[in-house]
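Asks: Quick one: the structure is below, and I'll ask about it shortly.
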Amino acid sequence: MAAVITVPFYIAIWQLFVAFGRANIFGFGGGPSVIPLIQQEVVDNYKWLTTEEFTDALAMGNALPGPIATKMAAYVGYKIAGIGGAASALIGTVIPTAVAMLALAGLYFKYKDTPQIGGMLKAVRPVVVVLLIQTVWEMGAKSFPIPTTWLIALVALIALFQFKLHPIILIVSSMLYGLFFLSR
């Protein structure tokens, strides 16, 4: 179980804004790349969730449409400080990156064809992949508690890569399977 939050409400609101702002401002590469950064803030820095709780929240978030960062912010913020916490975490997720994007857009469009910008982008992509691998590794350790979960992963892998099945079909199917066959 995650630690009980004992700070005053206004401090929790500020911490949520800072945690999600910090995670999202450095989440180069889009939604999946921000997951390890959010996990660092939520699980390691503030200890609002355990790794298992984070994995469950991430699974629920992936079962819904929309960006994962906003769903995680709403979930964690609400858990920590109710509606105000959700609003603060969402503002921390969206506003700093939107301001940074507007500030950088002009520079990028002006210099996008320069070797320096190309080099920066080439250098950051492998780091994003490593961050994703780290998240998969940490979540994977908790996601395969029984042999059936390995079979589910294998079927999902084949369905996704061999048959090009849409991910939402896999998510809904696995949830239904879990509801009917693994909830006993």
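Numbered per the numbering used here, the sequence shown spans residues 1107 to 1290. C-beta: ideal position from N, C-alpha, C; glycine also.
(1) Do three or more CB pairs link the stretch 1136–1144 to the stretch 1235–1255 at distances below 8 angstroms?
(2) Buried or exposed: ILE1144, going by 16 or more other Cβ atoms within 10 Å of its Cβ?
(3) Sorted by chain position, which residues of the same chain lie with C-beta nearer than 8 angstroms to ILE1174's C-beta, five sequence neighbours on each side aside?
(4) By DSSP, does ASP1150 sit in helix, in strand, or in coil?
(5) Starting from the Cα of ASN1130, find the closest Cα among VAL1113, PHE1115 and VAL1148 and give me that residue.
(6) Roughly how many angstroms lie between the CA atoms of PHE1287 and PHE1250, to the nearest whole one?
(7) Which of the three DSSP states, helix, strand or coil, is assigned to LYS1292?
(8) Taking the C-alpha atoms as reference points, what is the distance between ALA1265 and ALA1118?
(9) Does the Cβ of LEU1196 have 16 or more other Cβ atoms within 10 Å, making it buried, or fewer, making it exposed?
Replies: Let me lay it out:
(1) Remark: three or more beta-carbon pairs, one from each stretch, lie closer than 8 angstroms, so the stretch 1136–1144 and the stretch 1235–1255 are flagged as touching.
(2) Buried, since its Cβ has 16 or more Cβ neighbours within 10 Å.
(3) Scanning its chain for C-beta atoms nearer than 8 angstroms, with the 5 sequence neighbours on each side dropped, one finds around ILE1174 the residues GLY1137, PRO1138, VAL1140, ILE1141, LEU1164, GLY1167 and ASN1168, in chain order.
(4) Three-state DSSP puts ASP1150 in a helix.
(5) Considering only alpha carbons, the answer is VAL1148.
(6) Cα-Cα distance, rounded: 16 angstroms.
(7) The chain is shown only over 1107 to 1290; residue 1292 falls outside these bounds and no answer can be derived.
(8) Rounded to the nearest angstrom, the two C-alpha atoms are 42 angstroms apart.
(9) LEU1196 should be labelled buried.
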